[in-house]
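Under my numbering, residues 74 to 412 are what the sequence shown spells out, in order. Backbone N, C-alpha and C fix where the C-beta goes; we use that ideal spot for every residue, glycine too. Take a look at the structure set out below.
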Amino acid sequence: MPEPVLQTRPSPIRHLTGVQVVATGSYVPENIVGNQELARMGCDPEWIVQRTGIQQRRHAPPDMATSDLAVKAAERCMESAGVAADEIDLLVVGTFTPDLLCPSTACLVQDRLGLNGPAFDVVAACAGFIYSLITAMQYVASGTSNLALVIGADTNSRIANPEDPKTYPLFGDGAGAVLIKAGEQDQGLLAYTLGSDGAGAELLCRKMGGSRIPQSSEGLAGNLHYLEMEGRPIFKWAVRLIDATVRDVLAAAQLKIPDIDALVLHQANCRIMDAAAESLGIPREKMPVNIDRYGNTSAASIPLVLDEICRNGTIQRGSRVMLCGFGAGLAWGTALMQW
74 MPEPVLQTRP SPIRHLTGVQ VVATGSYVPE NIVGNQELAR MGCDPEWIVQ RTGIQQRRHA
134 PPDMATSDLA VKAAERCMES AGVAADEIDL LVVGTFTPDL LCPSTACLVQ DRLGLNGPAF
194 DVVAACAGFI YSLITAMQYV ASGTSNLALV IGADTNSRIA NPEDPKTYPL FGDGAGAVLI
254 KAGEQDQGLL AYTLGSDGAG AELLCRKMGG SRIPQSSEGL AGNLHYLEME GRPIFKWAVR
314 LIDATVRDVL AAAQLKIPDI DALVLHQANC RIMDAAAESL GIPREKMPVN IDRYGNTSAA
374 SIPLVLDEIC RNGTIQRGSR VMLCGFGAGL AWGTALMQW
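Structure, rendered in C-alpha coordinates:
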(Lines of atoms letter the chains of each structure in order from A; the text may use other names.)
(Lines give C-alpha, C1' and ligand atoms only; values in the text may rest on other atoms or scores of the structure.)
Protein backbone atom coordinates (compact mmCIF):
# COMPACT_ATOMS: atom_id res chain seq x y z
CA MET A 74 0.00 0.00 0.00
CA PRO A 75 1.54 3.36 -1.01
CA GLU A 76 2.38 5.75 1.80
CA PRO A 77 -0.14 8.62 2.00
CA VAL A 78 1.14 12.10 1.28
CA LEU A 79 -0.27 14.60 3.76
CA GLN A 80 -0.43 18.21 2.71
CA THR A 81 -0.14 21.04 5.20
CA ARG A 82 -3.36 22.95 4.61
CA PRO A 83 -2.98 26.71 4.97
CA SER A 84 -4.94 28.18 7.87
CA PRO A 85 -5.63 31.80 8.84
CA ILE A 86 -3.21 33.70 11.06
CA ARG A 87 -4.85 35.62 13.88
CA HIS A 88 -3.81 37.74 16.87
CA LEU A 89 -5.02 37.69 20.48
CA THR A 90 -3.28 40.07 22.87
CA GLY A 91 -4.10 41.62 26.22
CA VAL A 92 -4.05 38.22 27.95
CA GLN A 93 -1.37 36.88 30.29
CA VAL A 94 -0.37 33.61 31.94
CA VAL A 95 -0.57 34.09 35.71
CA ALA A 96 0.91 30.78 36.85
CA THR A 97 1.72 27.23 35.79
CA GLY A 98 1.61 23.83 37.47
CA SER A 99 2.17 20.20 36.54
CA TYR A 100 1.99 16.66 37.81
CA VAL A 101 3.29 13.26 36.67
CA PRO A 102 2.63 9.92 38.39
CA GLU A 103 5.34 8.57 40.67
CA ASN A 104 5.63 5.23 38.84
CA ILE A 105 8.68 5.37 36.52
CA VAL A 106 8.74 2.85 33.67
CA GLY A 107 12.22 2.57 32.18
CA ASN A 108 13.19 1.06 28.85
CA GLN A 109 14.73 -1.99 30.51
CA GLU A 110 11.38 -2.79 32.07
CA LEU A 111 9.77 -2.65 28.63
CA ALA A 112 12.44 -5.03 27.33
CA ARG A 113 10.67 -7.78 29.25
CA MET A 114 7.65 -7.09 27.04
CA GLY A 115 9.65 -7.55 23.86
CA CYS A 116 10.63 -3.91 23.29
CA ASP A 117 14.22 -3.11 22.30
CA PRO A 118 15.61 -0.45 24.70
CA GLU A 119 18.26 0.67 22.22
CA TRP A 120 15.68 1.06 19.45
CA ILE A 121 13.46 3.14 21.74
CA VAL A 122 16.25 5.63 22.49
CA GLN A 123 17.53 5.83 18.91
CA ARG A 124 14.10 6.29 17.34
CA THR A 125 12.41 8.43 19.98
CA GLY A 126 14.91 9.77 22.53
CA ILE A 127 12.77 8.36 25.36
CA GLN A 128 14.62 6.91 28.36
CA GLN A 129 11.62 6.50 30.65
CA ARG A 130 7.98 7.49 31.08
CA ARG A 131 5.45 7.72 33.93
CA HIS A 132 2.43 5.44 34.19
CA ALA A 133 -0.54 6.13 36.44
CA PRO A 134 -1.49 3.40 38.94
CA PRO A 135 -4.77 1.52 38.34
CA ASP A 136 -6.72 3.73 40.75
CA MET A 137 -5.64 7.00 39.08
CA ALA A 138 -7.50 8.47 36.09
CA THR A 139 -7.05 11.57 33.93
CA SER A 140 -9.12 13.74 36.27
CA ASP A 141 -6.83 12.82 39.17
CA LEU A 142 -3.77 13.97 37.23
CA ALA A 143 -5.57 17.15 36.20
CA VAL A 144 -6.63 18.00 39.75
CA LYS A 145 -3.09 17.65 41.08
CA ALA A 146 -1.64 19.87 38.33
CA ALA A 147 -4.39 22.44 38.89
CA GLU A 148 -3.84 22.51 42.65
CA ARG A 149 -0.15 23.21 42.14
CA CYS A 150 -0.94 25.95 39.64
CA MET A 151 -3.48 27.57 41.96
CA GLU A 152 -1.07 27.37 44.89
CA SER A 153 1.67 29.00 42.83
CA ALA A 154 -0.65 31.88 41.94
CA GLY A 155 -2.15 32.18 45.41
CA VAL A 156 -5.59 31.83 43.86
CA ALA A 157 -8.70 30.49 45.59
CA ALA A 158 -11.22 28.26 43.84
CA ASP A 159 -13.98 30.88 43.97
CA GLU A 160 -11.84 33.28 41.90
CA ILE A 161 -11.75 30.97 38.85
CA ASP A 162 -14.76 31.36 36.55
CA LEU A 163 -13.84 29.09 33.61
CA LEU A 164 -12.27 25.64 33.25
CA VAL A 165 -11.13 24.14 29.94
CA VAL A 166 -9.57 20.67 29.89
CA GLY A 167 -7.75 19.33 26.84
CA THR A 168 -7.76 15.53 26.85
CA PHE A 169 -8.49 12.57 24.61
CA THR A 170 -8.34 10.03 27.42
CA PRO A 171 -11.35 11.13 29.51
CA ASP A 172 -12.38 9.35 32.68
CA LEU A 173 -15.79 8.70 31.10
CA LEU A 174 -17.39 9.28 27.71
CA CYS A 175 -19.97 11.32 29.61
CA PRO A 176 -19.87 13.58 31.58
CA SER A 177 -16.80 15.56 30.63
CA THR A 178 -13.57 15.26 32.57
CA ALA A 179 -13.75 19.02 33.13
CA CYS A 180 -16.96 18.61 35.14
CA LEU A 181 -15.30 16.00 37.35
CA VAL A 182 -12.29 18.26 37.88
CA GLN A 183 -14.53 21.26 38.56
CA ASP A 184 -16.31 19.37 41.33
CA ARG A 185 -13.06 18.21 42.94
CA LEU A 186 -11.58 21.70 42.90
CA GLY A 187 -14.77 23.43 44.04
CA LEU A 188 -14.95 25.77 41.05
CA ASN A 189 -17.93 27.75 39.75
CA GLY A 190 -18.72 28.63 36.15
CA PRO A 191 -18.59 26.73 32.87
CA ALA A 192 -16.34 23.69 32.49
CA PHE A 193 -15.83 21.69 29.32
CA ASP A 194 -13.42 19.40 27.49
CA VAL A 195 -11.62 20.07 24.22
CA VAL A 196 -10.76 16.93 22.25
CA ALA A 197 -7.83 17.61 19.94
CA ALA A 198 -5.42 14.89 21.12
CA CYS A 199 -1.82 16.14 21.14
CA ALA A 200 -2.96 19.59 20.00
CA GLY A 201 -5.48 19.66 22.82
CA PHE A 202 -3.64 22.09 25.08
CA ILE A 203 -3.12 24.66 22.31
CA TYR A 204 -6.80 24.47 21.33
CA SER A 205 -7.85 24.74 24.99
CA LEU A 206 -5.49 27.64 25.71
CA ILE A 207 -6.64 29.70 22.74
CA THR A 208 -10.31 28.96 23.51
CA ALA A 209 -9.88 30.16 27.10
CA MET A 210 -7.89 33.21 25.98
CA GLN A 211 -10.77 34.23 23.74
CA TYR A 212 -13.11 34.09 26.74
CA VAL A 213 -10.72 36.30 28.72
CA ALA A 214 -10.07 38.74 25.87
CA SER A 215 -13.81 39.20 25.33
CA GLY A 216 -14.41 39.88 29.01
CA THR A 217 -16.50 36.73 29.43
CA SER A 218 -13.98 35.28 31.89
CA ASN A 219 -11.86 37.07 34.49
CA LEU A 220 -9.66 34.13 35.48
CA ALA A 221 -9.53 30.90 33.47
CA LEU A 222 -7.91 27.59 34.32
CA VAL A 223 -6.60 25.58 31.37
CA ILE A 224 -5.44 21.99 31.80
CA GLY A 225 -3.86 19.50 29.41
CA ALA A 226 -4.02 15.95 30.80
CA ASP A 227 -3.85 12.44 29.41
CA THR A 228 -3.50 8.89 30.72
CA ASN A 229 -2.04 7.38 27.57
CA SER A 230 -0.92 4.15 29.21
CA ARG A 231 -4.59 3.08 29.24
CA ILE A 232 -5.03 3.34 25.48
CA ALA A 233 -1.61 2.18 24.22
CA ASN A 234 -1.37 -1.46 23.19
CA PRO A 235 1.16 -3.25 25.44
CA GLU A 236 1.62 -5.87 22.72
CA ASP A 237 2.75 -3.29 20.14
CA PRO A 238 6.49 -2.65 20.66
CA LYS A 239 6.49 0.28 18.21
CA THR A 240 3.82 2.39 19.90
CA TYR A 241 3.57 1.31 23.54
CA PRO A 242 7.03 2.68 24.55
CA LEU A 243 6.18 6.13 23.16
CA PHE A 244 3.53 7.18 25.63
CA GLY A 245 3.41 8.40 29.21
CA ASP A 246 0.88 9.95 31.56
CA GLY A 247 0.80 13.46 33.02
CA ALA A 248 -0.95 16.81 33.35
CA GLY A 249 -0.08 20.48 33.12
CA ALA A 250 -2.10 23.59 33.96
CA VAL A 251 -2.01 27.35 33.45
CA LEU A 252 -4.08 30.21 34.83
CA ILE A 253 -4.80 33.13 32.52
CA LYS A 254 -6.33 36.57 32.95
CA ALA A 255 -6.33 39.96 31.24
CA GLY A 256 -2.89 41.50 30.79
CA GLU A 257 -1.08 44.35 29.10
CA GLN A 258 -1.59 44.87 25.37
CA ASP A 259 1.90 43.60 24.57
CA GLN A 260 1.12 40.28 26.30
CA GLY A 261 -0.66 37.29 24.82
CA LEU A 262 -0.60 35.80 21.35
CA LEU A 263 1.29 38.03 18.93
CA ALA A 264 0.13 35.64 16.21
CA TYR A 265 -1.36 32.16 16.07
CA THR A 266 -2.88 29.60 13.74
CA LEU A 267 -5.15 26.62 14.32
CA GLY A 268 -5.83 24.01 11.68
CA SER A 269 -7.14 20.55 10.96
CA ASP A 270 -7.17 17.99 8.16
CA GLY A 271 -9.59 15.11 8.57
CA ALA A 272 -8.13 13.41 5.49
CA GLY A 273 -5.47 12.02 7.83
CA ALA A 274 -7.90 10.84 10.50
CA GLU A 275 -7.13 7.14 10.22
CA LEU A 276 -3.39 7.63 10.52
CA LEU A 277 -3.74 8.25 14.25
CA CYS A 278 -6.96 7.04 15.81
CA ARG A 279 -8.71 4.94 18.41
CA LYS A 280 -11.52 3.24 16.54
CA MET A 281 -13.75 1.64 19.14
CA GLY A 282 -15.88 3.21 21.82
CA GLY A 283 -17.83 5.81 19.85
CA SER A 284 -21.04 5.64 17.83
CA ARG A 285 -19.25 4.37 14.70
CA ILE A 286 -17.87 1.25 16.35
CA PRO A 287 -19.53 0.71 19.75
CA GLN A 288 -17.65 -1.39 22.27
CA SER A 289 -17.98 -5.12 21.69
CA SER A 290 -16.20 -8.36 22.52
CA GLU A 291 -15.22 -8.67 18.85
CA GLY A 292 -13.68 -5.21 18.89
CA LEU A 293 -11.78 -5.94 22.07
CA ALA A 294 -10.44 -9.15 20.54
CA GLY A 295 -9.25 -7.12 17.55
CA ASN A 296 -7.57 -4.50 19.77
CA LEU A 297 -9.76 -1.74 18.34
CA HIS A 298 -9.87 -0.08 21.77
CA TYR A 299 -6.17 0.76 21.50
CA LEU A 300 -4.59 3.73 19.77
CA GLU A 301 -3.37 2.99 16.24
CA MET A 302 -0.69 5.05 14.53
CA GLU A 303 1.04 5.15 11.16
CA GLY A 304 4.34 6.58 12.31
CA ARG A 305 6.19 7.31 9.08
CA PRO A 306 3.65 9.60 7.36
CA ILE A 307 2.89 11.32 10.67
CA PHE A 308 6.59 12.02 11.18
CA LYS A 309 7.03 13.55 7.73
CA TRP A 310 3.86 15.60 8.07
CA ALA A 311 4.83 16.92 11.50
CA VAL A 312 8.24 18.13 10.33
CA ARG A 313 6.71 19.99 7.37
CA LEU A 314 3.94 21.38 9.56
CA ILE A 315 6.25 22.75 12.24
CA ASP A 316 8.47 24.50 9.70
CA ALA A 317 5.58 26.01 7.75
CA THR A 318 3.45 27.19 10.67
CA VAL A 319 6.32 28.58 12.75
CA ARG A 320 7.50 30.62 9.76
CA ASP A 321 3.97 31.82 8.97
CA VAL A 322 3.30 32.88 12.56
CA LEU A 323 6.65 34.68 12.83
CA ALA A 324 6.01 36.51 9.56
CA ALA A 325 2.60 37.65 10.80
CA ALA A 326 4.23 38.99 13.97
CA GLN A 327 6.98 40.64 11.89
CA LEU A 328 9.64 38.69 13.76
CA LYS A 329 12.34 36.17 12.90
CA ILE A 330 13.78 32.98 14.38
CA PRO A 331 16.40 34.78 16.54
CA ASP A 332 13.56 36.74 18.19
CA ILE A 333 12.20 33.55 19.80
CA ASP A 334 13.35 32.87 23.36
CA ALA A 335 11.94 29.33 23.40
CA LEU A 336 10.28 26.97 20.93
CA VAL A 337 8.06 24.60 22.89
CA LEU A 338 7.04 21.72 20.65
CA HIS A 339 4.66 18.91 21.49
CA GLN A 340 6.99 16.23 22.83
CA ALA A 341 6.20 13.56 20.26
CA ASN A 342 9.62 12.34 19.20
CA CYS A 343 13.17 13.67 19.56
CA ARG A 344 13.81 13.07 15.86
CA ILE A 345 10.93 15.39 14.99
CA MET A 346 12.47 18.05 17.21
CA ASP A 347 15.91 17.52 15.71
CA ALA A 348 14.52 17.85 12.18
CA ALA A 349 12.58 20.98 13.14
CA ALA A 350 15.65 22.58 14.70
CA GLU A 351 17.65 21.92 11.55
CA SER A 352 15.01 23.16 9.10
CA LEU A 353 14.26 26.31 11.11
CA GLY A 354 17.85 27.01 12.04
CA ILE A 355 17.02 27.43 15.73
CA PRO A 356 19.58 26.50 18.41
CA ARG A 357 18.71 23.27 20.20
CA GLU A 358 19.18 25.01 23.56
CA LYS A 359 16.12 27.13 22.74
CA MET A 360 14.01 23.96 22.41
CA PRO A 361 13.31 22.56 25.90
CA VAL A 362 12.81 18.80 26.04
CA ASN A 363 11.22 16.47 28.57
CA ILE A 364 10.25 13.54 26.33
CA ASP A 365 13.37 11.70 27.52
CA ARG A 366 11.88 11.60 31.05
CA TYR A 367 8.14 11.53 30.42
CA GLY A 368 7.56 10.15 26.92
CA ASN A 369 4.75 11.51 24.75
CA THR A 370 2.15 12.81 27.21
CA SER A 371 -0.20 14.10 24.47
CA ALA A 372 -2.15 17.18 25.65
CA ALA A 373 0.01 17.40 28.77
CA SER A 374 3.35 17.70 26.99
CA ILE A 375 3.36 21.45 26.26
CA PRO A 376 2.10 22.61 29.68
CA LEU A 377 4.56 20.23 31.37
CA VAL A 378 7.40 21.95 29.52
CA LEU A 379 5.96 25.41 30.21
CA ASP A 380 5.86 24.71 33.93
CA GLU A 381 9.49 23.58 33.90
CA ILE A 382 10.83 26.58 32.00
CA CYS A 383 8.78 29.02 34.06
CA ARG A 384 10.13 27.59 37.29
CA ASN A 385 13.76 27.47 36.13
CA GLY A 386 13.69 31.07 34.90
CA THR A 387 14.10 30.34 31.19
CA ILE A 388 11.10 32.55 30.43
CA GLN A 389 9.93 35.66 32.24
CA ARG A 390 8.01 38.87 31.56
CA GLY A 391 8.62 39.92 27.96
CA SER A 392 9.91 36.53 26.76
CA ARG A 393 8.63 35.31 23.40
CA VAL A 394 7.63 31.66 23.44
CA MET A 395 6.52 29.75 20.35
CA LEU A 396 4.14 26.88 21.09
CA CYS A 397 3.37 24.16 18.55
CA GLY A 398 1.08 21.18 19.09
CA PHE A 399 0.07 18.58 16.51
CA GLY A 400 -1.55 15.18 16.43
CA ALA A 401 -4.67 13.12 15.78
CA GLY A 402 -7.37 14.72 13.72
CA LEU A 403 -5.18 15.64 12.12
CA ALA A 404 -5.16 18.82 14.19
CA TRP A 405 -2.54 21.43 14.99
CA GLY A 406 -1.95 24.78 16.57
CA THR A 407 1.06 27.11 16.54
CA ALA A 408 1.13 30.28 18.62
CA LEU A 409 3.71 32.94 19.47
CA MET A 410 3.12 34.14 23.01
CA GLN A 411 4.71 37.16 24.61
CA TRP A 412 4.93 36.53 28.35
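Please report how far the alpha carbon of residue i lies from the alpha carbon of residue j, in whole angstroms.
{"i": "residue 139", "j": "residue 260", "result": "31 Å"}
{"i": "residue 326", "j": "residue 117", "result": "44 Å"}
{"i": "residue 369", "j": "residue 245", "result": "6 Å"}
{"i": "residue 231", "j": "residue 136", "result": "12 Å"}
{"i": "residue 107", "j": "residue 236", "result": "17 Å"}
{"i": "residue 406", "j": "residue 200", "result": "6 Å"}
{"i": "residue 254", "j": "residue 268", "result": "25 Å"}
{"i": "residue 293", "j": "residue 202", "result": "29 Å"}
{"i": "residue 422", "j": "residue 265", "result": "Given a span of 74 to 412 for the chain in the structure shown, any question on residue 422 remains unanswerable."}
{"i": "residue 169", "j": "residue 194", "result": "9 Å"}
{"i": "residue 112", "j": "residue 105", "result": "14 Å"}
{"i": "residue 289", "j": "residue 281", "result": "8 Å"}
{"i": "residue 416", "j": "residue 291", "result": "There is no way to answer for residue 416, as the model of the chain reaches only from 74 to 412."}
{"i": "residue 131", "j": "residue 250", "result": "18 Å"}
{"i": "residue 410", "j": "residue 262", "result": "4 Å"}
{"i": "residue 390", "j": "residue 376", "result": "17 Å"}
{"i": "residue 114", "j": "residue 234", "result": "11 Å"}
{"i": "residue 306", "j": "residue 89", "result": "32 Å"}
{"i": "residue 252", "j": "residue 323", "result": "25 Å"}
{"i": "residue 129", "j": "residue 238", "result": "14 Å"}
{"i": "residue 125", "j": "residue 412", "result": "30 Å"}
{"i": "residue 316", "j": "residue 328", "result": "15 Å"}
{"i": "residue 157", "j": "residue 309", "result": "44 Å"}
{"i": "residue 225", "j": "residue 248", "result": "6 Å"}
{"i": "residue 176", "j": "residue 143", "result": "15 Å"}
{"i": "residue 109", "j": "residue 217", "result": "50 Å"}
{"i": "residue 214", "j": "residue 87", "result": "13 Å"}
{"i": "residue 74", "j": "residue 385", "result": "Because residue 74 carries a pLDDT of 41, less than 50, the predicted location of this residue cannot be relied on, and no value is offered for it."}
Can you list, in chain order, the residues of its chain whose CB lies under 7 Å from that of residue i, leaving out five sequence neighbours each side?
{"i": "residue 256", "result": "91, 92 and 93"}
{"i": "residue 360", "result": "336, 338, 346 and 350"}
{"i": "residue 311", "result": "341, 345 and 399"}
{"i": "residue 332", "result": "393"}
{"i": "residue 197", "result": "167, 204, 402 and 404"}
Taking DSSP as the reference, what is the three-state secondary structure of residue i?
{"i": "residue 367", "result": "helix"}
{"i": "residue 265", "result": "strand"}
{"i": "residue 412", "result": "coil"}
{"i": "residue 169", "result": "coil"}
{"i": "residue 335", "result": "strand"}
{"i": "residue 201", "result": "helix"}
{"i": "residue 404", "result": "strand"}
{"i": "residue 196", "result": "coil"}
{"i": "residue 240", "result": "coil"}
{"i": "residue 359", "result": "helix"}
{"i": "residue 116", "result": "coil"}
{"i": "residue 175", "result": "coil"}
{"i": "residue 222", "result": "strand"}
{"i": "residue 328", "result": "coil"}
{"i": "residue 154", "result": "helix"}
{"i": "residue 188", "result": "coil"}
{"i": "residue 138", "result": "coil"}
Name, in chain order, the residues that DSSP records as bridge partners for residue i.
{"i": "residue 228", "result": "246"}
{"i": "residue 183", "result": "Paired residues: none, contrary to the question."}
{"i": "residue 107", "result": "129"}
{"i": "residue 99", "result": "249"}
{"i": "residue 301", "result": "278"}
{"i": "residue 89", "result": "262"}
{"i": "residue 398", "result": "406"}
{"i": "residue 393", "result": "411"}
Just to confirm my understanding: we take residue i, look at its own chain, exclude 5 residues before and 5 after, and list those with CB closer than 6 Å. What are they?
{"i": "residue 133", "result": "102, 228 and 246"}
{"i": "residue 357", "result": "350"}
{"i": "residue 161", "result": "188, 220 and 222"}
{"i": "residue 374", "result": "339 and 340"}
{"i": "residue 271", "result": "none"}
{"i": "residue 205", "result": "165, 167, 195 and 223"}
{"i": "residue 33", "result": "Lying before the first or after the last residue shown, residue 33 is absent from the chain, which here runs from 74 to 412."}
{"i": "residue 84", "result": "266 and 268"}
{"i": "residue 95", "result": "154, 252 and 254"}
{"i": "residue 242", "result": "111, 116 and 121"}
Between which residues of its own chain and residue i is the CB-CB distance below 8 Å, once the five residues before and five after are set aside?
{"i": "residue 334", "result": "359, 387, 388, 392, 393 and 394"}
Are the region 206-221 and the region 173-182 touching by the rule of at least three beta carbon pairs closer than 8 Å?
no
Stretch pair the region 188-197 + the region 147-162: three plus CB contacts closer than 8 Å:
yes
Okay, do the region 266-280 and the region 294-311 touch, 3+ Cβ pairs below 8 Å being the bar?
They touch, by the three-pair rule.
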